Amino acid sequence: MAALIKAHNGGEGVEPLPHARLHDLRHVHATTLLLAGVPVHVVAARLGHADPAITLRVYAHVINEQLAEAADIFAGRVAGAA
Numbered sequence: 001m002a003a004l005i006k007a008h009n010g011g012e013g014v015e016p017l018p019h020a021r022l023h024d025l026r027h028v029h030a031t032t033l034l035l036a037g038v039p040v041h042v043v044a045a046r047l048g049h050a051d052p053a054i055t056l057r058v059y060a061h062v063i064n065e066q067l068a069e070a071a072d073i074f075a076g077r078v079a080g081a082a
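When you line the sequence shown up against my numbering, it's residues 1 to 82, in that order.
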């Protein structure tokens, strides 16, 4: 990973990439999918988690954000219907 970033950053006129570990990219991948609404069991399979409960535990903060957004959407719809 470091070699890829170093090779990219060595080019002329390119925006340098920050240091990143492969694990960081894995986390970004999972978080992006969850925020896009991809079901947890699908994200778990892509990550190689044997049980979606592992994904739920590791990415609970992302799922909690989605729950709050869903509550706001519902409240807005109910308030608009009144």
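By construction, the Cβ of each residue, glycine as well, lies at the ideal position given by its N, Cα and C atoms. None of these values were measured; they are calculated from a predicted model.
Is it buried or exposed for residue i, if we count other Cβ within 10 angstroms and need 16 for buried?
{"i": "residue 34", "result": "buried"}
{"i": "residue 14", "result": "exposed"}
{"i": "residue 44", "result": "buried"}
For residue i, which of helix, strand or coil comes out of DSSP?
{"i": "residue 51", "result": "coil"}
{"i": "residue 65", "result": "helix"}
{"i": "residue 33", "result": "helix"}
{"i": "residue 21", "result": "coil"}
Give me the Cα-Cα distance between residue i and residue j, rounded to the nearest whole angstrom.
{"i": "residue 2", "j": "residue 28", "result": "17 Å"}
{"i": "residue 42", "j": "residue 71", "result": "23 Å"}
{"i": "residue 60", "j": "residue 22", "result": "21 Å"}
Between which residues of its own chain and residue i is the CB-CB distance below 8 Å, once the five residues before and five after are set aside?
{"i": "residue 36", "result": "none"}
{"i": "residue 46", "result": "29, 30 and 33"}
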